[in-house]
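Trainee: Take this structure first; my questions come after.
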Amino acid sequence: MSRREPGRSGSRRRRSVRSASLALALFLACTACSTADDGGQADDAGQTADLSDSTSVEESPAPYDLAAVTPEEYAAALVASTNAVREDAGLDTLSPSLCAQEQGLVRATDLVDAGGELVHASLDPVTDGCGPVEITGENLSRAAASPQDVVDAWMQSPGHASNILMPAYTSIGIACVPVVDESETEMLCSQIFLGI
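Here UniProt numbering is used: position 76 in the sequence shown is 76, and no number is missing along the way.
Take a look at the structure:
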């Protein structure tokens, strides 16, 4: 006679990432191309999709202690996980960009100051500030999950995965800012990609 764990069926259930501590509020990546022909207009500007209702995982991620890491350490772990995914796909790893990191910090701070909702903005300031670049992209996250869980969720989203696996990108900068509310702390991060 086999014994079941309470609350589990005999088969593995897919669970929606809905709870506040596990929800990864991820939005489709904005990709902007800046060339002399297009004047730096965003290809997908304003396109967002909340994945908290559609992204599912086999098992809920273990709670992650955000108090044990600094925002800089969290961002560095996101870079390492992103580069590991690229390397596994046979792509070059992305070089760190201080400019992209600084731009990411501005964007993440602005989002936190505006209430923490993830909303993509024009990438023109990134293109102008980090130029010359031919292509820029951004992934956003707000989560109380590990950096690896965030990258895993991004890889389940076609728009985010496309940014992570785009061969034209050569450098990356990520900045994270803690978001503290009455019940928990989450890390809001802006992942900026640059291609030259």
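We treat Cβ as the ideally placed atom computed from N, Cα and C, and that holds for glycine. All figures in this text were calculated on a predicted structure; none of them were measured in a lab.
Give, in chain order, every unbroken run of the alpha helix (DSSP H) that is at least 4 residues long and sits entirely within the UniProt domain "SCP" (82 to 178).
Mentor: Segments of the alpha helix (DSSP H) lying fully in the UniProt domain "SCP" (82 to 178): 98 to 113, 124 to 130, 147 to 155, 158 to 164.
Trainee: Just grab the DSSP bridge partners of E186 for me.
Mentor: In the sequence shown, residue 186 corresponds to position 186, counting from 1. Bridge partners of E186: V179.
Trainee: Give the straight-line distance between the Cα atoms of E138 and Q103, rounded to the nearest whole angstrom.
Mentor: Residue numbering aside, residue 138 sits at position 138 when the sequence shown is read from its first letter. Residue numbering aside, residue 103 sits at position 103 when the sequence shown is read from its first letter. Distance between the alpha carbons of E138 and Q103 is about 11 Å.
Trainee: Would you call the stretch 76 to 95 and the stretch 140 to 156 in contact, with 3 or more CB pairs under 8 Å?
Mentor: Cβ pair count under 8 Å is three or more, so yes.
Trainee: Judging by CA-CA distance, which residue of P125, G195, S122 is the nearest neighbour of S171?
Mentor: Working through the sequence shown from its first residue, we reach residue 171 at position 171. Of P125, G195, S122, the residue nearest in Cα terms is G195.
Trainee: Among E186, A114, N163, E72, which one has its Cα closest to the Cα of D98?
Mentor: Along the sequence shown, read from residue 1 onward, the residue named residue 98 stands at position 98. Residue 98 is actually Leu in this sequence, not Asp. Nearest option by C-alpha distance: E72.
Trainee: Note down, in chain order, each residue of its chain lying with its Cβ closer than 8 Å to the Cβ of P96, except the 5 sequence neighbours on either side.
Mentor: Here residue 96 refers to the residue found at position 96 of the sequence shown. Closer than 8 Å at the Cβ level, and outside the excluded window around P96, lie V79, S171, I172, G173.
Trainee: What does the alpha-carbon distance come out to for the pair I164 and F193?
Mentor: For the purposes of this step, residue 164 is taken as the residue at position 164 of the sequence shown. For the purposes of this step, residue 193 is taken as the residue at position 193 of the sequence shown. Approximately 8 Å, taken between the alpha carbons.
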